[in-house]
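Engineer:
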Amino acid sequence: MKNTASFLTLILLPFLLTACGTFEVSVLPTPTFTPPAMPVPDWLTPPPVSSVQCPPFINETVLPDKPDDAQSYIGHHYDELNMPEGLIFNGAGMLADDYSWMWVSRPDFDMEWIEQMICRDVNGTPYSTVVDSVKIPKLQEGYKRADVCSPVSGIGPVIVFGEYDKTRPQTMSLNTQGWKMYNLDFGIQINLQTMRFQTLSLDGLECVRASGLGD
110 MKNTASFLTL ILLPFLLTAC GTFEVSVLPT PTFTPPAMPV PDWLTPPPVS
160 SVQCPPFINE TVLPDKPDDA QSYIGHHYDE LNMPEGLIFN GAGMLADDYS
210 WMWVSRPDFD MEWIEQMICR DVNGTPYSTV VDSVKIPKLQ EGYKRADVCS
260 PVSGIGPVIV FGEYDKTRPQ TMSLNTQGWK MYNLDFGIQI NLQTMRFQTL
310 SLDGLECVRA SGLGD
């Protein structure tokens, strides 16, 4: 009996639907979420650079008229990857957004430069000018550049040279392990306010040459 009732229901179902009218079923669309556009911070978006803003992008490939005078390099432009003959690039680093330092060598002495980035070309390559230059000692065995010194004012980084002895016990200073330096004989400081070199007093200064630098 149950099977017969089910069979009759299947047969009569189309007639019942027709008699009662047509049912329209609408499928709701799947909701989508479009995240709002977030503004990009200015510091992540480099300003547009026009080649018109940059002077002729020509780095010098010859030495100045007085190549042994550190001051003669001021106002000139050099590419660390294409230095003039007689000038060797040793290292560089940033001081501020548009200022950097560069360490170069001549046969008889080294120099430290402060460079100002004037602009960038259409490819983003910086074009810089030497704004200050000073002679610094050349590295020798047992005579190096200090890695940390104390106490110094917070006006900017320092450049100090002196002797050290790797046979002596190491010490720890300003979270740097190495050898305590002695006979400090050269000191200058970069003033980050003026972006120029200034004399650094060595009185009471203690410096360390960090270990693990290949000395």
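Note that the working numbering has the sequence shown beginning at 110, numbered continuously upward. Even glycine gets a Cβ: it sits at the ideal position worked out from N, Cα and C. Keep in mind it's a predicted model, so treat the numbers as computed, not measured.
Classify Leu293 as helix, strand or coil using the three-state DSSP reduction.
Structural biologist: strand
Engineer: Smallest Cα separation from Ser221: which of Lys247, Pro235 and Tyr236?
Structural biologist: It is worth fixing the name first, because residue 221 is Glu in this sequence and not Ser. The residue with the shortest Cα to Cα distance from Glu221 is Lys247.
Engineer: Secondary structure at Gln298, three-state DSSP: helix, strand or coil?
Structural biologist: strand
Engineer: Ser259 and Glu315 look like a contact to me (Cβ under 8 angstroms); what is the Cβ gap, rounded to whole Å?
Structural biologist: 6 angstroms
Engineer: DSSP state of Tyr273, grouped into three classes?
Structural biologist: coil
Engineer: Three-state secondary structure (DSSP) at Tyr354?
Structural biologist: Lying outside 110 to 324, the shown extent of the chain, residue 354 is not represented and no answer is given.
Engineer: Of the residues Asn284, Phe306 and Ile245, which one's Cα is nearest the Cα of Gly265?
Structural biologist: Phe306
Engineer: According to DSSP, which residues form a beta bridge with Pro235?
Structural biologist: Answer is Arg229, bridged to Pro235.
Engineer: Rounded to the nearest angstrom, what separates Met304 and Asp207 at their Cα positions?
Structural biologist: 11 angstroms
Engineer: Which residues share a DSSP beta bridge with Asp241?
Structural biologist: Ile223
Engineer: Could you give the residue range of the beta strand (DSSP E) that holds Thr280?
Structural biologist: Thr280 to Ser282
Engineer: Excluding the five sequence neighbours on either side, which residues of its own chain have a C-beta within less than 8 angstroms of the C-beta of Leu283, listed in chain order?
Structural biologist: Residues Val257, Ser259 and Val317 of the same chain have their beta carbon placed closer than 8 angstroms to that of Leu283, with the five preceding and five following residues left out of the count.
Engineer: Which residues in the same chain have their Cβ closer than 6 angstroms to the Cβ of Val267, if we skip the five residues on either side of it in sequence?
Structural biologist: Cys258, Val261, Gln298 and Leu309
Engineer: So which of Phe166, Ile183 and Ile167 has the shortest CA-CA distance to Asp174?
Structural biologist: Ile183
Engineer: So, using beta-carbon positions, are Gly200 and Leu172 closer together than 7 angstroms?
Structural biologist: no
Engineer: Going by beta carbon distance, what residues of the same chain come within less than 7 angstroms of Thr170, once the five residues before and after it are set aside?
Structural biologist: Asn191 and Pro193
Engineer: When you compare each of Ala319, Phe218 and Lys244 to Lys275 by their alpha carbons, which one comes out closest?
Structural biologist: Ala319
Engineer: Between which residues of its own chain and Thr280 is the CB-CB distance below 6 angstroms, once the five residues before and five after are set aside?
Structural biologist: Lys289
Engineer: For the beta strand (DSSP E) that Met211 lies in, which residues bound it at each end?
Structural biologist: Tyr208 to Ser214
Engineer: Classify Ser259 as helix, strand or coil using the three-state DSSP reduction.
Structural biologist: For Ser259, the secondary structure class from DSSP, reduced to helix, strand or coil, is strand.
Engineer: Going straight from the alpha carbon of Glu250 to that of Ile227, what length do you get?
Structural biologist: 38 angstroms
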